[in-house]
Amino acid sequence: MSSLWWGGAAWDRLSRLAQPATGVVPEGLRSALPSPGGGWRIYTVNPPMPRFDARTWELVIDGLVERPVRLSHAQLLALPRVEQTSDFHCVTGWSVDGVRWGGVRFADVLRLARPTARAGAATFTSAERPYADSLSLEQVLSSDALLAYAMDGRPLRREHGAPVRVVMPRMYGYKSVKWVERITLTARPQLGYWEQRGYDHDAWVGRSNGYG
Ligand SMILES: Nc1nc2c(c(=O)[nH]1)N[C@H]1C(S)=C(S)[C@@H](COP(=O)(O)O)O[C@H]1N2
Ligand SMILES: [Mo]
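Each position in the sequence shown, counted from 1, maps to that position plus 10 in the working numbering.
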């Protein structure tokens, strides 16, 4: 990635966020979808699940940035909110169709820390250690990647990763880190929890290992 990418070319690219993306359900189809809420399986690797306290919670953005930042919960909620409806697929074979997510685009979060020209990937660290995963900046800035704090019209519940989780609908659920407390910019993607255990880093639904 070059500095250009974060300069003119980057923002050209980011402006496409406004367009509908593959994997996002068009408005007109929503009513035809099964009612959301059912179908989830709750996963943790190191219980008990982290507990969220809005008074002390912070989201750290660090690594290859000009200005590391710590965002309070109120500061996060003050960023531009977007809504999207997308399907969620776990690599083990279950899916939840038509999940209504609310949250912020990564561009709006990451720009606060001013990623340097060397930044090429973002690693998401969960408050549930040692769960972590990463995406390339191109993936993280794609039109349907979301840092989600709401699900189906309500604040994200504890078991789904409160207060914030990653949503990357075109990739399997293991990319969707729950209880995110740190986003670290690095030159290259780091191997995530399940990737260290053999799953593909690029976990495209239908086009990666571990499924089928
Ligand atoms: N911190 C953390 N995040 C996680 C996981 C986990 O065990 N711990 N499991 C992942 C996997 S494999 C899937 S399919 C989804 C499941 O999301 P859910 O628990 O909200 O159903 O969370 C992902 N994010
Ligand atoms: Mo999963």
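C-beta atoms are modelled at their ideal positions from N, C-alpha and C, and glycine is treated no differently.
Quick check on residue i: buried or exposed, where buried means 16 or more other Cβ atoms within 10 Å of its Cβ?
i    : result
T194 : buried
A129 : buried
V55  : exposed
S186 : buried
P57  : exposed
T133 : buried
P199 : buried
G113 : buried
W111 : buried
I52  : exposed
A42  : At A42, the pLDDT of 44 sits below 50, so the modelled position is not reliable; the number obtained from the coordinates is stated separately. With fewer than 16 Cβ atoms within 10 Å of its Cβ, A42 is classed as exposed.
P90  : exposed
E205 : buried
P140 : exposed
G216 : exposed
Distance, Cα to Cα, residue i vs residue j?
i    : j    : result
L157 : A88  : 13 Å
M161 : F62  : 16 Å
E68  : H83  : 6 Å
T102 : D143 : 18 Å
T196 : L120 : 13 Å
L24  : S152 : With a pLDDT of only 42 at L24, under 50, the local geometry of the prediction cannot be trusted, and no value is derived from it.
G208 : C100 : 15 Å
E138 : G183 : 16 Å
P78  : L86  : 15 Å
S105 : G49  : 7 Å
H170 : A127 : 33 Å
V109 : G163 : 10 Å
L81  : E191 : 10 Å
D210 : N219 : 6 Å
E148 : R175 : 18 Å
P179 : F116 : 14 Å
A246 : A213 : An answer regarding residue 246 cannot be provided, because it is not within the stretch 11 to 222 covered by the chain.
L95  : A64  : Sequence check: residue 95 is Thr here, not Leu. Straight-line Cα distance between these residues: approximately 26 Å.
V70  : W189 : 12 Å
Y159 : T135 : 16 Å
At what residues does the alpha helix (DSSP H) containing residue i begin and finish?
i    : result
L87  : 83 to 87
F98  : Segment 92 to 99 is the beta strand (DSSP E) holding F98; no alpha helix (DSSP H) there.
V150 : 147 to 150
V174 : No alpha helix (DSSP H) contains V174, which DSSP labels as neither H nor E.
Q118 : The question names Gln, but residue 118 is Asp in the sequence shown. First-last of the alpha helix (DSSP H) with D118: 116 to 120.
Hey, quick one: how far does the beta strand (DSSP E) through residue i stretch, first residue to last?
i    : result
F134 : 131 to 136
L166 : Premise fails: L166 is in no beta strand (DSSP E) and is neither H nor E.
L195 : 190 to 196
L74  : Here L74 belongs to no beta strand (DSSP E), and DSSP marks it neither H nor E.
Any beta carbon from chain B within less than 9 Å of residue i's own beta carbon?
i    : result
R168 : Looking at the structure shown, chain B is missing, and only one protein chain is on hand.
Please determine whether the Cβ atom of residue i lies at a distance below 8 Å from any heavy atom of ligand 4.
i   : result
T54 : In terms of ligand content, the structure shown lacks ligand 4 and carries ligand 1 and ligand 2 instead.
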